[in-house]
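In my numbering, the protein residues as written are 241 to 353.
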């Protein structure tokens, strides 16, 4: 089942349960889950679906006007570090409430849907 909902103009959120996306970096699966959120082209995985041994909290932060304050993780696999490659919104603004306790990836992390 695929549910589409628009939070505000241009920001579709989808939740899909018929596929199991996975995130891979440096040859290692670091997250996979049947439950996820899709926002602005990013797949947000539930925190509980991450293999936390590969994640180290980063001091880097940023702010999104509609999602709120963003915190990052470094990903460490096989002796290599991908700095700030995972991001999450611990307390997202109301418009992005669905991504609370979810993590998304960028910077070369491959996400297969």
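The beta-carbon is built from N, C-alpha and C at its ideal position, and this holds for glycine as well.
Straight through space, the alpha carbons of residue 348 and residue 334 are spaced by roughly 29 Å.
Here residue 263 is buried. Its C-beta has 16 or more other C-beta atoms within 10 Å. Rounded to whole angstroms, the Cβ separation of residue 296 and residue 316 is 6 Å, and the two are in contact under 8 Å. In this structure, DSSP gives residue 297 an extended state, which the three-state scheme calls strand. With distances taken between CA atoms, residue 305 lies nearest to 336 out of 267, 269 and 336. Annotated three-state conformation of residue 347 is coil, per DSSP.
For the set 350, 324 and 283, the Cα lying nearest the Cα of residue 340 is the one of 283. In chain order, 298, 300, 312, 313, 314 and 347 place their CB closer than 8 Å to the CB of residue 324, counting only its own chain and leaving out the 5 sequence neighbours on each side.
Contact annotation: residue 351 and residue 261 have beta-carbon atoms nearer than 8 Å.
Cα atoms of residue 327 and residue 273: separation of roughly 17 Å, rounded to the nearest angstrom. Using a 10 angstroms sphere on the CB of residue 289, the tally of other CB atoms reaches 16 or more, which defines it as buried.
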